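The sequence shown lines up with residues 13 to 512 when you count with the working numbering.
Beta carbons are placed, not taken as given, at the ideal position from N, Cα and C, and that holds for glycine.
Note that the coordinates shown come from a computational prediction; the quantities given were computed from them, not determined experimentally.
Following: one structure in C-alpha cells, then a few remarks.
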Amino acid sequence: MRGKSLMIQGTASSVGKSVLCAALLRIMKQDGLRAAPFKAQNMALNSFVTRDGREMGRAQVTQAQAAGMEPDVRMNPVLLKPTSDRRSQVIVDGKALGTMTAMEYHQYKPALRKRIKDTYDELESTVDCVIIEGAGSPAEINLREGDIVNMSMAEAADAPVILVGDINLGGVFASLLGTMMLLTHEERARVKGVVINKFRGDVKILEPGLRMLEALIHVPVLGVVPWMDVELEDEDSVTERFERSMHQGDLDVAVVKLRHISNFTDFQSLALQPGVRVRYAAAVKDLEGADLIVLPGTKNTIEDLIDLRNRGMDAAIVRHARKGGMVIGICGGYQMLGRVLRDPDHVESRVPELAGLGLLDMEVTFEREKYTAQAGASVCASQGWLSDAKGLTVDGYEIHAGQNNLGSGAVPWLAIGERIDGVMNEGGNVLGSYLHGLFDDGQLFAVIAAHLRRKKGLAGTDAAPVNLEAFREREFDRIASIVRASVDMDAIYRILRGEA
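Structure, rendered in C-alpha cells:
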C-alpha cells in the first residue's frame with residue numbers, strides 16, 4: 013500500500029464515520045500534516061457551495077474545516093440529493109446532471125468510476141494524506157457489483173481500511189464479525205483494525221469481548237471511543253435533532269420539519285445562541301407557543317408545500333403571522349411565503365402552479381438552471397425595527413432554481429450588492445432570504461432575538477452572540493482530544509504508512 017490514504021468504513025449507516033474522520037483530520041492537522049477528506053459519493057440534502065460555485069456534501073465540508081482546508085468539490089465528486097423515495101438529483105463535480113431513478117443511477121455508476129479515481133488522484137497529489145469515508149456498510153452484498161464508495165474505492169486508492177462499529181445500539185460484536193465474514197478474502201486483507209464507537213461505561217468490562225473479537229477476525233481493536241455529544245453539523249436528515257429540543261431559553265424557535273428538508277445546518281447556530289430553544293415542528297400542535305417559526309430550505313418546494321397543507325400546518329403558520337408572530341423563510345421556505353409558485357418546465361414537480369402562503373408580495377418561477385454561489389450580503393432595511401441593523405453584513409451561499417418577481421408590498425431588507433436577496437412584509441414580521449448561513453456569525457440573529465424579547469417584554473441579554481466558526485473550532489479540538497485519548501494513534505499512523 014502506498015501510504016498516502018486511510019479509509020474509514022462502518023458496519024452500517026450512522027455509526028459515527030463522519031465524526032471520526034473529522035477527529036482524525038483535526039489530529040493530523042495538529043500533528044503538522046496536510047490532510048484532506050474524501051468521499052466518493054454522498055447522499056444528503058445538506059449541501060454547501062464552494063468558492064467556485066460548485067455544490068458538495070456538508071459532511072466533507074465539515075471535515076475540510078477540521079483539517080484546516082478550504083472545502084473543495086474534489087473531496088466529494090458525487091452528491092445525490094433525493095427528490096423522492098425513488099429519484100435523486102445527481103451532482104457530479106459540483107454540477108447537477110439531472111434527476112435519475114435508482115435503476116438509472118445504478119446503470120450510470122460504472123461510467124463514474126474512472127472520473128472518481130481521477131478526481132481522487134488529483135486531490136491526493138496536493139496533500140500529505142487523504143482520509144476517505146465510506147458509505148453505509150461494505151457488506152451490502154447486493155450492492156457490491158456497482159460499488160463506487162466502499163471497498164472498490166479502497167482498492168482504487170490502494171487504501172488500508174479501519175472498520176467502525178456502533179456499540180450504543182447493541183450488537184456491535186456481531187456486526188463487526190458479520191461484516192468481516194461477508195467481505196471477500198481480498199477485502200478482509202485491507203481491514204487493518206477496528207474501532208468501537210459511542211461507548212458508555214467502563215472499558216474494562218468490554219476487554220474480554222475485545223480479545224475474543226480479535227481472535228475471531230484476526231484484526232486488532234484500535235480503540236473504544238466514548239459517547240460524544242457532538243455539536244457539529246449533521247450530514248443529512250438521519251439525525252436526532254428532529255426528535256429533541258436543542259438547549260433551553262426564553263425564546264422559542266420552531267423549525268418546520270419538511271419532508272425534503274435541506275440545509276437544516278442553517279439552524280445549528282440558532283441552538284447555540286444564549287437564551288434560545290430550537291425544536292423541529294412536525295404537526296400543528298408543535299407550532300404552539302413559538303416566538304419564531306422558521307420555514308427551512310427544501311429540495312422540493314412545491315411538494316413540501318402541498319404536504320404542509322395536508323398536515324394543516326400552512327394555515328397555522330399564516331395565523332401565527334396574521335397575529336403578528338414572526339416567520340422567517342430560507343431558500344425554499346422563502347419561496348413558500350410568496351403568493352404564487354410556478355413550475356412551467358416541471359423542474360421540481362408535476363404541478364405547474366400552486367398558491368403560496370401569501371405572506372410576502374412576490375411570485376416565484378422555477379427555472380431549469382440551478383443558481384449556486386457564495387455571497388456576502390448586507391441588511392438594507394430603511395424602515396422598521398430592522399433599520400437599526402442597516403449595513404450589518406452576513407456571509408453565506410445560495411442554492412436555488414427559483415427566481416422572484418416582487419410586488420409593491422415586498423419590502424427589501426437584505427441585498428447582495430445591488431441585487432435584492434431578501435424581502436419582508438410591510439409589518440416587518442415576515443422575512444425571507446435565499447442566503448444559507450444567515451445566522452452563522454450570530455450577529456444578525458442577535459438583532460432578531462433582541463426584537464423578539466422586546467415584543468415579549470423580556471429584558472435583553474448581556475451574553476455575546478456565539479460565532480459558529482469559532483464554536484466549530486473548539487468542537488474540532490474537543491473531539492480530537494477524545495479520539496486521541498481513546499485510540500492507538502501510533503498504530504493508525506503505522507497503518508497509514510503501510511507498515512501494518
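- Message: In this structure, how does DSSP classify glycine 148 when only helix, strand and coil are distinguished?
- Response: Here the question's residue 148 lines up with position 136 in the sequence shown. Three-state result, glycine 148: coil.
- Message: The alpha helix (DSSP H) that contains threonine 405, what's its start and end?
- Response: Within the sequence shown, residue 405 is the residue found at index 393, counting from 1. Unbroken run through threonine 405 is the beta strand (DSSP E), 405-418; no alpha helix (DSSP H).
- Among Leu109, Ala78, Gln77 and Asp84, which residue has its Cα nearest to the Cα of leucine 92? Here the question's residue 92 lines up with position 80 in the sequence shown. Of Leu109, Ala78, Gln77 and Asp84, the residue nearest in Cα terms is Leu109.
- Task: Using alpha carbons as the reference points, say which of Gly213, Asp453 and Ala52 lies closest to phenylalanine 483.
- Result: Indexing the sequence shown from 1 puts residue 483 at position 471. Residue Asp453 is the option with its Cα nearest to phenylalanine 483.
- Can you tell me where the beta strand (DSSP E) with methionine 240 in it begins and where it stops? Here residue 240 is taken as the residue at index 228 of the sequence shown, counted from 1. Unbroken run through methionine 240: none, as it is neither H nor E.
- Task: Tell me whether the beta-carbon of serine 17 lies closer than 7 Å to the beta-carbon of alanine 151.
- Result: The residue labelled residue 17 in the question sits at position 5 within the sequence shown. The residue labelled residue 151 in the question sits at position 139 within the sequence shown. No.
- Message: Cutting at 6 Å between CB atoms, please list the residues of its own chain near alanine 166, excluding the five before and the five after it.
- Response: Start at 1 with the first residue of the sequence shown, and residue 166 comes out as number 154. Correct list, in chain order: Met19, Val173 and Arg202.
- Item | From Leu124, Pro308 and Asp159, residue whose alpha carbon lies closest to that of alanine 147 | The residue labelled residue 147 in the question sits at position 135 within the sequence shown. That would be Asp159, whose Cα lies nearest to the Cα of alanine 147.
- Query: Are the beta-carbon atoms of proline 49 and glutamine 75 separated by less than 7 Å?
  - Reply: On the sequence shown, position 37 is the one that residue 49 refers to. On the sequence shown, position 63 is the one that residue 75 refers to. The answer is yes: Cβ separation under 7 Å.
- Task: Would you please verify whether the beta carbon of histidine 448 is less than 7 Å from any beta carbon of chain D?
- Result: Of the protein chains in the structure, only one exists, and it is not chain D.
- What is the C-beta distance between cysteine 261 and glycine 301, in whole angstroms, given that I count them as a contact (C-beta under 8 Å)? Locating residue 261 in the sequence shown gives position 249, counting from the first residue. Locating residue 301 in the sequence shown gives position 289, counting from the first residue. The question names cysteine, yet the displayed sequence has glycine at residue 261. Actually they are not in contact, since the Cβ atoms of glycine 261 and glycine 301 sit about 13 Å apart, beyond 8 Å.
- Message: As an exercise, report each continuous beta strand (DSSP E) stretch of at least 3 residues that is fully enclosed by the stretch 278-325, in chain order.
- Response: 288-293 and 304-307
- Message: Here's the rule I'm using: 16 or more other beta-carbon atoms within 10 Å means buried, otherwise exposed. How should valine 391 be labelled?
- Response: The residue given as residue 391 occupies position 379 in the sequence shown. So valine 391 counts as buried.
- Task: Identify the continuous alpha helix (DSSP H) that holds serine 164 and give its terminal residues.
- Result: Against the sequence shown, residue 164 aligns to sequence position 152. 163-169 is the extent of the alpha helix (DSSP H) around serine 164.
- Are glycine 444 and tyrosine 292 touching if we call contact CB-CB under 7 Å? For the purposes of this step, residue 444 is identified with residue 432 of the sequence shown, where counting begins at 1. For the purposes of this step, residue 292 is identified with residue 280 of the sequence shown, where counting begins at 1. Taking 7 Å as the Cβ cut-off, glycine 444 and tyrosine 292 do not qualify as a contacting pair.
- Using alpha carbons as the reference points, say which of Ala34, Ala327, Asp433 and Thr23 lies closest to alanine 492. Walking along the sequence shown from the start, residue 492 turns up at place 480. For the residues Ala34, Ala327, Asp433 and Thr23, the minimum Cα distance to alanine 492 belongs to Ala34.
- Query: If you draw a straight line from the alpha carbon of threonine 327 to that of methionine 348, how long is it in whole angstroms?
  - Reply: On the sequence shown, residue 327 is found 315 positions in, with the first residue counted as 1. On the sequence shown, residue 348 is found 336 positions in, with the first residue counted as 1. One detail in the question is off: residue 327 reads as alanine in this sequence, not threonine. Their Cα atoms are separated by approximately 13 Å.
- Cβ-Cβ distance between glutamine 53 and valine 102 below 7 Å: Translated into positions along the sequence shown, residue 53 becomes position 41. Translated into positions along the sequence shown, residue 102 becomes position 90. Contact flag unset, no.
- When the Cα of leucine 426 is compared with those of Ala413, Ala476 and Gly440, which residue comes out closest? Residue 426 sits at position 414 when you count from the first residue of the sequence shown. If we check each option's Cα against that of leucine 426, Gly440 comes out closest.
- Task: Taking only the alpha-carbon atoms, compute the straight-line gap between valine 495 and glutamate 365 and give it to the nearest angstrom.
- Result: Your numbering for residue 495 matches position 483 in the sequence shown. Your numbering for residue 365 matches position 353 in the sequence shown. Approximately 52 Å between the Cα atoms of the pair.
- What are the boundary residues of the alpha helix (DSSP H) that threonine 11 is part of? This structure cannot speak to residue 11, because the chain is shown only from 13 to 512.
- Three-way DSSP call (helix, strand, coil) for threonine 251 in this model: For this step, residue 251 is matched to residue 239 along the sequence shown. Reliability fails at threonine 251, whose pLDDT of 48 lies under 50, so the model's placement of it is uncertain and no value is given.
- Message: Taking the alpha-carbon of methionine 240 as reference, which of Val423, Gln386 and Val31 has the nearest alpha-carbon?
- Response: Numbered from its first residue, the sequence shown carries residue 240 at position 228. Among Val423, Gln386 and Val31, the Cα nearest to that of methionine 240 is on Val31.
- Message: Between the stretch 59-70 and the stretch 205-223, can you find at least three pairs of beta-carbon atoms closer than 8 Å?
- Response: no
- Message: Using a Cβ-Cβ cutoff of less than 7 Å, which residues in the same chain neighbour leucine 282 once the five nearest sequence positions on both sides are dropped?
- Response: For the purposes of this step, residue 282 is taken as the residue at position 270 of the sequence shown. Result list for leucine 282: Val265, Val288, Val290, Phe451 and Phe457, in chain order.
- Would you call the CB atoms of leucine 263 and leucine 398 closer than 7 Å? One-based indexing of the sequence shown puts residue 263 at position 251. One-based indexing of the sequence shown puts residue 398 at position 386. No; because the gap between Cβ atoms is not below 7 Å, this pair is not in contact.
- Item | Check whether glutamate 487 and leucine 194 have beta carbons under 7 Å apart | Indexing the sequence shown from 1 puts residue 487 at position 475. Indexing the sequence shown from 1 puts residue 194 at position 182. Cβ atoms of glutamate 487 and leucine 194: not closer than 7 Å.
- Any contact of the stretch 132-147 with the stretch 416-436, i.e. 3+ C-beta pairs under 8 Å? no
- Query: Mapping DSSP to helix, strand and coil, what is lysine 29?
  - Reply: Position 17 of the sequence shown, counted from the start, is the residue given in the question as residue 29. Lysine 29: helix per DSSP, three-state reduction.
- Under 7 Å Cβ to Cβ from phenylalanine 254, same chain only, skipping five residues before and after it: list those, please. Translated into positions along the sequence shown, residue 254 becomes position 242. The predicted position of phenylalanine 254 is uncertain, since its pLDDT is 49 and thus under 50; a value taken from the coordinates is nonetheless stated next. Taken in chain order, the residues that qualify are Lys269 and Tyr292.
- Item | asparagine 479 versus serine 274 - alpha carbon distance | If you number the sequence shown from 1, residue 479 lands on position 467. If you number the sequence shown from 1, residue 274 lands on position 262. Whole-angstrom Cα-Cα distance: 22 Å.
- With glutamine 347 as the anchor, note down where its alpha helix (DSSP H) starts and where it stops. Counting from one through the sequence shown, the residue named residue 347 turns up at place 335. Here the alpha helix (DSSP H) through glutamine 347 covers 344-348.
- Segment contact flag, the stretch 66-74 with the stretch 115-127, C-beta cutoff 8 Å, min 3 pairs: no
- Would glutamate 226 pass as a contact of valine 237 if the rule is Cβ separation under 7 Å? Translated into positions along the sequence shown, residue 226 becomes position 214. Translated into positions along the sequence shown, residue 237 becomes position 225. It is not a contact, given that the beta carbons lie outside the stated cut-off.
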